[in-house]
Amino acid sequence: MEKPENQKKMDSLTAHYKKNLLGYKTQLQEAWAETQNIPESLHLIRNIAHRLSGSGAVFGFAELSQRASQLEWACEQAIESAPPEYNATIFERLQDLLSCIERSTGMDEDVDDTNEPASINSLAPSAESINLLLVDDDPDFSAQVSQVLNERGYQVHCLEDITGLEQAIARHQPLALIVDMDFYGDQFAGSAHVFSWRRTDGTPLPVFFVSAFDSFELRLAAARAGGNHFLSKPLDIPNLISLLHSELDLAPSEPYRIMLVDDDDDLLNLYGSVLSQAGYNVSTATSAKQALSMLEYKQPELIIIDVYMPDCSGLDLGKIIRQHEDHATIPLLFMSAAADTDVQLACARLADDEFVSKPIEPWRLRMVVKSRVSRGRLLRAQGGTLTAPEAAIHHDPLTSLPTLSRFRIAAEKALQHTTQDHFSAVMKLDVRDFHTINNVHGNFFGDRVLQQLAWELSRCLNSTDVLSRENGDEFLVLSHGHDSRDSVSRFAKQMIQTLETIKVDAARSIIAVSVDMGIAIASTNIKSAAQLLDHADTALFRAKKSAGASVCFFDESMLDDEKRRFNRAQCIRQALSDGQFTPAYQPILSIDDTTVVGFEALARWQHPDEGVLGPGTFISLMEEQDLIKELTHQMLAQALAQLACWQSRQPGLYMSVNLSAIDIQQPTFLAHLEALLAEHKLPPESVVIEITESLLLSDWEQASVVIKALRNLGVCLALDDFGTGYSSLSYLHRIQAGKLKIDRSFLQHWSHTGDSRLLQAMVQLGHTMNMTVIAEGIEEREELDLLHQLQCDQYQGFITAKPLVAKEIEGQHWV
Ligand code: C2E
Ligand code: CA
Ligand code: CA
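Basically the working numbering = 1-based index in the sequence shown + 209.
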């Protein structure tokens, strides 16, 4: 079968890339042969590896990209430290990469690799290259629509039989599909076929469904099949054209002009081709000089610049362009694979825009370009009176979604059109553990996750639905045309399912994303968009709380619950000022001779009506209401005064106090702790501060500052609930805590399974790091015997004592 034009171009680019790979292979081999004599060869190997790790992924050679990045990493290690020790690793990695290049280049004989790459000029769009595929069993309808579209510069391929859909897409490589719903009496045939094609093909090709019928079921089927629009017959042609324009972001009469500047030919060709195929007019330059010489006659509307180029860096090129009076306002976008924060910041400042990390996937490239060029045209259409920040008011610069204010306007409108059986719903989504993703993989990666989410979400929506990003990782969806709660629920489920398929590649791992969702249905009782959004927020709050179900509909009882929580918070506030919170003390004993060596102070609420309440009833509310700092304050004051008193009878005792994540974020307790140590003349090492891994991870940078301050005070740190957190080992190393507290769940695991290997490993780990190991929650004699055997140092648990008030402790003669 004859290959379609676009496919031929891609093949040719790939063939050229493969040819270059062979060149790189030789260079790598030569450089390696010289590493013994010329140390700079290692830099050359690193640079080639860096380049291949970026371009390989983009050309679809995932393994090659991975091997290259491993080699790059090994080189970097060697460059930083003494080279000879690392040569073996580099050699191995290099061999891996070389054989992977061999495999990648020898793969298909189909490609004629003597071909020169398709030059970008030959890829430049003419109106004919904007291919559409129209599938309809009514030839008159097809003829009429394709004629109008042809006049507007589209090339329309028509297909009568829906069963040939996949082949036709492969043959014509259209940029969008227009598909009739109804074939030979089956009202759902169109969507059914598109649905099954979508499942095997990930290309985010826009689909316009058309139908002579209209019903909720049809629209749902169209949405499920990934349809972007649902249009009724007879077609409103101007509407179709304007939707096509906005979907493909091109005006056939005047395509957007984009300039790409990158010294890497392979990427330049590939990105050029991706954008050309999307209908842009692309010009390319491999150096700053060339780019400058082309500016005058190319008049680009967006310049995408690679930061690292020999001779003149991308940043310098940007500065030169900015100085030039004719070009000072052209939007710039910088991208690079390197992550030097200072350079990124300088670029972002100069461009007044985000910094894009390479390699960038084709869909993402189209997305960042799309939002920027349209903003530029908007600026010019307004006679340049709109400043960039003003333009940004309409769009979120990161995701190019409409901003919150536009969302509110749309929600307000939806409320006005609400009836009993035709209403809208607002869904509020929050990415689970997004701060962890950001902390572990960095903000740039976090941004990519958000962009991909925005992209996938937008694909779930109907043409009139609105998607917006509220702040950080929260998205809002306004979904129209529902007639029952069930239909809203189905729509929400579909969104969740789509999001669950998202996989984002991080440097050395793959992240799966999951979300919580709160839903509020517009009803005639609701007064304003603000109220509707509040309801969605309340429902989201509930969804986040529940461990299991992540979708939650708003209902009035939640407001009661909110009221109750509010009242409870008021009571807690009062109780704090009345001194109703006191510590209970649980003894910590030496496993060798069961003598008491210290105490853990655990908060108790002496409630006047409800009796003594444990932390489960107030800690989370206190954290939420910003009251926990006061509790920490009071606990420290009482526990340290008590310690001073007991130390006078039994020197050497220690006292443990628990911190919350908020204490780390706002460490007001530090000054107080210092004052208390002085006031009671306590040896600082007899005060133990307990922190958990998850608490550290929520903001590691801030946590390390606090840990340093604690260490300066000389107090001891204990890592609480060890083993239940996220990444135990690396943090263990960095914190240098004096004590390790093994969570009760590990003993329970042993009593259920008889397997003590994990416990043993943890005790050994603690000892290797010079830590005192404490086992928590000991209830049985056998548990204690095991700990003895494993040479654990200390324990606490009901077997000896529950947390008790000071008088009870003294009554037991532990002090
Ligand atoms: P944690 O720091 O892990 O404290 C140990 C918990 O285990 C305590 O629960 C204690 O009563 C319980 N426990 C001790 N021995 C046994 C046993 O043998 N078997 C069982 N099943 N449980 C045992 P409590 O007092 O309810 O405290 C719960 C959590 O509340 C604490 O866990 C701590 O994270 C938090 N917390 C307590 N007091 C404070 C405080 O003053 N400030 C902060 N931020 N958090 C606190
Ligand atoms: Ca604790
Ligand atoms: Ca604990």
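For each residue, glycine too, the CB sits at the ideal point set by N, CA and C.
All values reported here derive from a predicted model rather than from experimental measurement.
| query | result |
| --- | --- |
| Cβ neighbour criterion (16 or more within 10 Å) applied to T977 | exposed |
| Start-to-end residues for the beta strand (DSSP E) that takes in V1057 | No statement about residue 1057 is possible, as the shown extent of the chain runs from 210 to 1024 and does not include it. |
| Pairwise C-alpha distance: Q973 and A853 | 33 Å |
| Beta-carbon proximity of L303 to L280, cut-off 7 Å | yes |
| Terminal residues of the beta strand (DSSP E) in which F418 lies | V416 to S420 |
| Selected residue, minimal CA-CA separation from D423, among V403, I446, V416 and M390 | M390 |
| Segment limits, beta strand (DSSP E) that includes N490 | N490 to A494 |
| Proximity test, D872 beta-carbon vs ligand 2 heavy atom, cut-off 6 Å | no |
| Nearest residue (CA-CA) to L607, options W664, F616 and C556 | W664 |
| N867 beta carbon near ligand 5 (any heavy atom closer than 6 Å) | Ligands present in the displayed structure are limited to ligand 1, ligand 2 and ligand 3, and ligand 5 is not among them. |
| Closer than 6 Å: L904 CB and nearest ligand 1 heavy atom | no |
| Cutoff 6 Å; reference E899; Cβ partners in own chain excluding five residues on either side | S865, N867, A927 and D929 |
| Start-end ranges of the alpha helix (DSSP H) lying completely within the segment 850–915, minimum 4 residues | 870–874, 878–889 and 902–906 |
| From L484, G488 and L476, residue whose alpha carbon lies closest to that of T495 | L476 |
| Whole-angstrom distance between S954 and D801, CA atom to CA atom | 22 Å |
| Proximity test, Cβ basis, 7 Å: L386 and chain D | Annotation note: the requested chain D is absent from the structure, which comprises a single protein chain. |
| For Q847, the nearest candidate out of Y794, T804 and Q875 (CA to CA) | Y794 |
| Reduced DSSP secondary structure (H/G/I, E/B, other) of Y517 | coil |
| Which of helix, strand or coil DSSP assigns to C761 | strand |
| N-terminal and C-terminal residue of the beta strand (DSSP E) that R751 is part of | Counting along the chain, R751 falls outside any beta strand (DSSP E), though it belongs to the alpha helix (DSSP H) covering A738 to K754. |
| A634 vs S688 beta-carbon contact at 7 Å | yes |
| Where the alpha helix (DSSP H) through C284 begins and ends | A271 to E289 |
| Ligand 2 heavy atom lying under 6 Å from the CB of D929 | yes |
| Simplified DSSP state of H438, which is helix, strand or coil | strand |
| Near ligand 2: E833 beta-carbon under 6 Å from a heavy atom | no |
| Backbone CA spacing between N776 and F762 [nearest angstrom] | 23 Å |
| Own chain, CB closer than 7 Å to H889, minus 5 neighbours either side, in chain order | L849, A850 and A853 |
| Beta-carbon separation (whole angstroms), M726 vs L666, contact threshold 8 Å | Actually they do not touch by this definition, with Cβ atoms about 11 Å apart. |
| Backbone secondary structure at I728 - three-state DSSP | strand |
| Heavy atom of ligand 1 within 6 Å of M195 beta-carbon | The structure shown has nothing for residue 195, since the chain only spans 210 to 1024. |
| H689, DSSP secondary structure in three states | strand |
| C-alpha distance - L949 paired with R276, whole-angstrom precision | 38 Å |
| Proximal residues to Q856 (C-beta, below 6 Å), its chain only, five neighbours per side dropped | L862 |
| One or two residues paired with N979 in a DSSP bridge | Looking at the DSSP assignment, N979 forms no beta bridge with any residue, so it has no partner. |
| Whole-Å CB distance - P568 paired with G263, under 8 Å assumed | 4 Å |
| N652, enclosing alpha helix (DSSP H) - first and last residue | N652 to C669 |
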